[in-house]
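J.: Quick one: this structure, given as structure tokens, is what I'll be asking you about.
Numbering (this note's numbering), first residue to last: 27 to 161.
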């Protein structure tokens with residue numbers, strides 16, 4: 027198994043934007059990632075937190091089916107992710123396996139190693155030309 031990551035993708039309104047959802051879910055189709063779990067979280071204009079399964083949305087229906095699915099996102103995760111959202115916005119909460127890194131992860135484990143940490147670097151911290159150095 028490759029590295030697994032919990033990702034929160036926020037949108038500025040209480041409804042998902044179809045083109046963004048299609049682009050993210052396109053990664054699954056290409057085999058770059060395996061979708062393990064997912065929830066849609068909304069922070070309403072009044073501040074309430076709502077959570078909905080993918081099957082409640084036409085554009086997400088059927089994405090979480092089969093033997094690869096593991097319900098890993100719990101109520102605490104939803105509340106924590108909602109704390110990142112502004113009122114009147116929503117987010118896709120995703121647990122994905124990075125299939126592109128699976129072979130490297132297998133080789134590291136076979137050599138007695140293990141993945142002990144991972145840090146996501148925000149795009150605004152990486153220069154357009156990586157040879158120019160980090161901002």
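The C-beta atom is built at its ideal place from N, Cα and C for all residues, glycine as well.
Do residue 96 and residue 63 have their C-beta atoms closer together than 8 Å?
T.: yes
J.: Please check the pair residue 111 and residue 146, which I expect to be a contact at CB under 8 Å, by giving their CB distance rounded to whole angstroms.
T.: That pair is no contact at about 18 Å.
J.: What does the Cβ neighbour count give for residue 123, buried or exposed, with the cut at 16 atoms within 10 Å?
T.: Classification of residue 123: buried, given that the 10 Å Cβ count is 16 or more.
J.: In chain order, what residues of the same chain have a beta carbon less than 6 Å from the beta carbon of residue 108, not counting five sequence neighbours either side?
T.: 67, 69 and 75
J.: Residue range of the alpha helix (DSSP H) that residue 53 falls in?
T.: 44-56
J.: Bridge partners of residue 122, per DSSP?
T.: 31 and 61
J.: Can you give the Cα-Cα distance for residue 55 and residue 84, rounded to whole angstroms?
T.: Distance from the CA atom of residue 55 to the CA atom of residue 84, rounded to whole angstroms, is 17 Å.
J.: Hey, could you find the ends of the alpha helix (DSSP H) residue 40 is sitting in?
T.: For residue 40, there is no enclosing alpha helix (DSSP H), as DSSP marks it with neither H nor E.
J.: To the nearest angstrom, how far is it from the Cα of residue 90 to the Cα of residue 153?
T.: 35 Å
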